[in-house]
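Okay, structure first, notes after.
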Amino acid sequence: MNKYKELERISDNINILFKRLFAMENHPFYNDLDRVKELHNKFKESMKKIIKHEINYEPNITIPNEFDITVSDEKYTFAKTDINLDILKDLSIEVNKSNNFNKLKTLINELYFMNIPSNVKNIDNLLKICKESKYVNVAIIGAGPIGLFLACYIYKYYNLSYGLHNNTKVNVIIFDNRIDKKGIKKPYTRYRPFAFNSSFFAYLLPKIYTWKDNSDNSLMINIYIIEYVLFTLAYYVYNIPFIFEENSWEKYCKYMKDGKIDVIFDCTGGKLDPPIFNDSKSEPIDSSWLDILKNKTTKYPKLNINVEKNLVTLDIPKIDKKKFFKNYYYGSLIILDRCDGKLIFKSKIDININNYNDLKLFINLKNKYFIKDDVITICKKIKDDNIRNFVYNSISNYKTGKDTQPNLIYNFEIFNTYLRHSISVSKVITYDNHSFLYIGAGDTIFHSHFVVGAGLNRTISFAVKCANFITNISLVNE
């Protein structure tokens, strides 16, 4: 079979599989928002168990001056050095143990301050090796959770597993543009909670659901922790090539041609945004499959279908004092330890913003640092009784395991939940007479509410199905 026709057949099948994910009575966004509301009510009940002492609401109290980390006696920064391979080695051992989450977190928090150098000395030589290889060549754009997972899954499934598929071998390259400078990637630093329960994680990390003493096969951890675990597997154990640089879509296409890349997985969370679905040479995207979901009566904001941008979002109302959209805006209070000139992440308190006044307050506090006494003062300005007393009790009761309370500082963050998904997720691209298959994955194609697993946990099975099509590519001629 002609390779281009096979790529088109695979692309069509992937788009059909994606549409089938929405074969339900209500759009998944609405089901998720119902579930979030249910979980929020349960969380309110659990908060009451933490609240032992209450403080009064004092809206007119003045917000204290923020703690300036740049002019204190020591300049506390997220100081960076190059990554220590010995720590990666230790981490690669610890991930295969049980009930050791604190040990894992300690190792990862050491990596938190270390820049990551590329393990590729010469990109042209790497691409030449791929071009001359008989393996299927796969490029992963984006080294976040989904990109790292896919790279590890594809590498292990095709190169290290045995079965009916073992005639297919792959070369995998990971690109990432979150860089300090060309060739040097910034550390993973995203604190946001990340929930998952997929058995595919256990395929790569058999002990993952035993790190904590859980009664079910699920885990909620900060994103940077799962990123470092998967990164260690890809970078240290599998020695997958990592290229760290800023690239345009045009430059990526040139790399795909030079390396004779067969498949590109877009794992950038929508940041790559390639101009491929609505260019002048393409047929318009068919969004008619969404009509039945769009026209449903709902208590939530309507679906906003933008064919030109290949994007579906919710028509979220503008911030309004009288009509506030709940379970959409969130804040975080991050606890950091000042130690040897570094700010070490210790813990994080997530805050559901339930009214207009509290939203304005957290917008004003965004990215500012405070000492503990000042945070207690700020708590008094939180209008929501449950949240005010929950945050107050959480920081009052926080224990570090050692006498470092005077060294703690607190950082406020705020974010909203961006619910979005693609209309079409795959396409065959031809660049300078070279054809390759584009596939979106993870947050690039679907991102729902973080409380119910956002992107990766919802689409990981779909990503694996896409990866399993690689076998078909190996069976066809040019």
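Residue numbering for the sequence shown follows numbering that gives the first Met the number 0, beginning at 0 and increasing consecutively. Beta carbons are placed, not taken as given, at the ideal position from N, Cα and C, and that holds for glycine.
| query | result |
| --- | --- |
| Start and end residues, alpha helix (DSSP H) containing residue 103 | 100–110 |
| Rounded straight-line distance, which links the Cα of residue 472 to that of residue 134 | 10 Å |
| N- and C-terminal bounds of the alpha helix (DSSP H) containing residue 250 | 248–257 |
| Spatial neighbours of residue 418 in its chain, beta-carbon cut-off 7 Å, leaving aside the 5 residues before and after | 28, 312, 313, 446, 447, 448 |
| C-beta contact flag for residue 388 and residue 53 at 8 Å | yes |
| Sufficient close CB pairs (3 or more, under 8 Å) joining the region 108–128 to the region 257–274 | yes |
| Residue 184 in three-state terms, based on DSSP | strand |
| Residue from 187, 232, 185, 184 with nearest C-alpha to residue 207 | 232 |
| Limits of the alpha helix (DSSP H) - the one that residue 209 falls within | Segment: none, residue 209 is in no alpha helix (DSSP H) and carries neither H nor E. |
| Own chain residues within Cβ distance below 8 Å of residue 84, not counting five before or after | 235 |
| Residue 71 versus residue 64: straight-line alpha-carbon distance, rounded | Any reading at residue 71 needs caution, since the residue's pLDDT is 48, under 50, leaving its predicted position unreliable; the model's value is listed next. Looking at the two C-alpha atoms, the distance is approximately 14 Å. |
| Buried/exposed call for residue 175, threshold 16 Cβ in 10 Å | buried |
| Enclosing alpha helix (DSSP H) for residue 43 [first to last residue] | 27–49 |
| Closest Cα partner of residue 223 within the set 252, 474, 189, 244 | 189 |
| Residue 330 versus residue 33 - alpha carbon distance | 21 Å |
| Segments assigned beta strand (DSSP E), at least 3 residues, entirely inside the region 284–312 | 302–305 |
| Nearest-angstrom beta carbon gap, residue 14 and residue 424 [assumed within contact, 8 Å] | 6 Å |
| Short CB-CB distance (under 8 Å) between residue 107 and chain E | Considering every chain present, this structure includes no chain E. It has just one protein chain. |
| Residue 391, buried or exposed, once every other Cβ within 10 Å from all chains shown has been counted against 16 | buried |
| Coil, strand or helix - residue 386 by DSSP | helix |
| Nearest-angstrom Cβ-Cβ length linking residue 359 and residue 16, presumed shorter than 8 Å | That belief does not hold up - the Cβ atoms of residue 359 and residue 16 are roughly 43 Å apart, past 8 Å. |
| Minimum C-alpha distance to residue 217 - residue among 228, 199, 226, 229 | 199 |
| Proximal residues to residue 25 (C-beta, below 8 Å), its chain only, five neighbours per side dropped | 292, 295, 297 |
| Contacts around residue 431, its chain only, beta-carbon distance under 7 Å, and the 5 residues preceding and following it disregarded | 256 |
| Other residues of its chain near residue 118: CB distance less than 8 Å, five sequence neighbours each side excluded | 234, 238, 240, 241 |
| Beta-carbon gap between residue 396 and residue 328 smaller than 8 Å | no |
| Buried versus exposed, by CB contacts within 10 Å (16 or more), residue 302 | buried |
| Same chain, Cβ closer than 8 Å to residue 265, five either side skipped, listed in chain order | 140, 141, 271, 273, 437, 438, 439, 440, 443 |
| Where the alpha helix (DSSP H) containing residue 125 begins and where it ends | 122–131 |
| Between the CA atoms of residue 382 and residue 56 - distance to the nearest angstrom | 6 Å |
| Simplified DSSP state of residue 71, which is helix, strand or coil | Residue confidence is low: residue 71 scores 48 on pLDDT, short of 50, so the model does not pin down where it sits. Its coordinate-derived value is still stated next. It is coil, neither helix nor strand. |
| Residue 408 beta carbon less than 8 Å from that of residue 157 | no |
| Own chain partners of residue 30 with C-beta closer than 8 Å, once the 5 adjacent residues on each side are dropped | 23 |
| Sequence-distant residues of the same chain with beta carbon closer than 8 Å to residue 354, five excluded per side | 323, 382, 383 |
| At least 3 beta-carbon pairs within less than 8 Å: the region 166–182 vs the region 242–250 | yes |
| Whole-angstrom distance between residue 406 and residue 60, CA atom to CA atom | 25 Å |
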